[in-house]
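Data block below; observations after.
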Amino acid sequence: MEKPLKELKRVRLTTGVISTATLERTKDGTDYKLIVRKSTKLSPPGADLPQDAGPIELELKSANTGSELTSQAKELVSYFFKRFHKVEKSYPTSKAINQAISLISNHGVDQARYVVDFAHIAAQDTGFKIETFGGIMDYTSRAVADYDKHQKARQTQTAIDACSFCNRAGFVSLRILKDGKWSHSSAKCTHDVEQMRAVAENQGYQIV
Ligand SMILES: [Zn+2]
16 MEKPLKELKR
26 VRLTTGVIST
36 ATLERTKDGT
46 DYKLIVRKST
56 KLSPPGADLP
66 QDAGPIELEL
76 KSANTGSELT
86 SQAKELVSYF
96 FKRFHKVEKS
106 YPTSKAINQA
116 ISLISNHGVD
126 QARYVVDFAH
136 IAAQDTGFKI
146 ETFGGIMDYT
156 SRAVADYDKH
166 QKARQTQTAI
176 DACSFCNRAG
186 FVSLRILKDG
196 KWSHSSAKCT
206 HDVEQMRAVA
216 ENQGYQIV
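Below, the structure is given as structure tokens:
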């Protein structure tokens with residue numbers, strides 16, 4: 016918003032110039048408004064206009080001012096109301112929206128949503144009542160740790176699924192001939208087929 020505001024300041028009006036243009040948050044904190052002050056100092060001589068017409072307020076659609084984050088935050092708060100209070104329509108306070116914004120900025124949308132889910136389950140287990148969105152914030156670090164753990168497990172499983180070499184547990188079956196008898200064993204797959212084959216053969220194993 017910096018650059019457009021500077022450009023706006025240079026705009027010459029028919030009745031003067033814009034002396035200041037500042038962006039301010041609206042009272043509810045969810046949007047911005049542009050405050051433009053007009054100066055008639057540079058008006059052509061003879062222009063009989065009031066010296067100060069007062070600030071002109073323009074409501075901005077906050078397209079470039081984090082509107083996506085704000086709408087994600089609103090969505091997250093209404094998701095909270097759906098889960099905790101079973102209401103479809105909710106009227107989030109600016110406090111709740113700001114808390115949601117900080118949660119999303121710090122951890123991303125997916126993890127923020129996970130915090131809501133995690134807090135919901137945890138609260139049910141302990142019988143603890145969470146009334147406001149802020150109540151879930153205490154669960155953030157535990158929820159994020161839990162999310163990371165599951166994320167790791169999901170990534171491991173995806174790698175196993177994509178590998179044609181190992182079984183569903185991510186292991187490769189091997190056998191080795193010892194004293195005329197086959198001895199079986201298994202090895203954790205690295206999902207690098209060439210490497211796995213080379214290592215196995217090197218140690219006298221056959222891949223089953
Ligand atoms: Zn594998």
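Going by my numbering, the sequence shown wraps up at 223, each residue one higher than the last.
Virtual Cβ for every residue (Gly too), placed ideally from N, Cα, C.
Going by beta carbon distance, what residues of the same chain come within less than 6 angstroms of residue i, once the five residues before and after it are set aside?
i: SER82; result: none
i: HIS135; result: ARG98
i: ALA127; result: LEU91, LEU118 and ILE119
i: HIS199; result: ARG190
i: ALA62; result: Bear in mind that a pLDDT of 49 at ALA62, under 50, signals an unreliable position, so the number given afterwards is only what the model happens to contain. If we look at ALA62 and ignore the five residues flanking it on each side, it has no Cβ neighbours.
i: SER93; result: SER105
Leaving out five residues on either side along the sequence, give the residues of the same chain with a beta carbon under 8 angstroms from the beta carbon of residue i.
i: CYS204; result: ILE175, CYS178, PHE180, CYS181, GLY185, PHE186, VAL187 and MET211
i: ASP161; result: TYR129 and PHE133
i: HIS12; result: Residue 12 lies beyond the residue range present for the chain, which begins at 16 and ends at 223; the question has no answer from this structure.
i: LYS164; result: none
i: GLU103; result: LYS97
Measuring CA to CA, which of the options is closest to residue i?
i: ALA202; options: GLN221, LYS193 and GLY195; result: GLN221
i: LEU118; options: PHE96, ALA158, GLU216 and LYS144; result: ALA158
i: VAL223; options: TRP197, THR173, HIS122 and LYS193; result: TRP197
i: THR155; options: THR171, ASP125, SER200 and GLN172; result: ASP125
i: THR147; options: PRO107, THR173, ALA168 and ALA127; result: PRO107
i: ALA213; options: LEU189, SER86 and ASP194; result: LEU189
i: ALA88; options: ALA215, GLU103 and ILE112; result: ILE112
i: LYS193; options: GLN218, LYS164 and HIS165; result: GLN218
i: GLN170; options: GLU103, ILE116, HIS206 and ASP153; result: HIS206
Going by beta-carbon coordinates alone, are residue i and residue j separated by less than 9 angstroms?
i: GLY142; j: GLN114; result: no
i: SER86; j: PHE96; result: no
Between which residues of its own chain and residue i is the CB-CB distance below 7 angstroms, once the five residues before and five after are set aside?
i: PRO65; result: Caution applies to PRO65, whose pLDDT of 49 falls short of 50 and renders its modelled position unreliable; the value that the coordinates give is listed next. Once the five neighbours on either side are set aside, PRO65 has no close Cβ partner at all.
i: LYS76; result: A caution first: LYS76 carries a pLDDT of 42, below 50, which makes its placement in the model too unreliable to give a value.
i: ILE145; result: PHE99, ALA134, ALA138 and ILE151
Pop quiz: residue i and residue j are said to be a contact at Cβ under 8 angstroms. What is the actual Cβ separation, rounded to whole angstroms?
i: LEU84; j: VAL131; result: Actually they are not in contact, since the Cβ atoms of LEU84 and VAL131 sit about 17 angstroms apart, beyond 8 angstroms.
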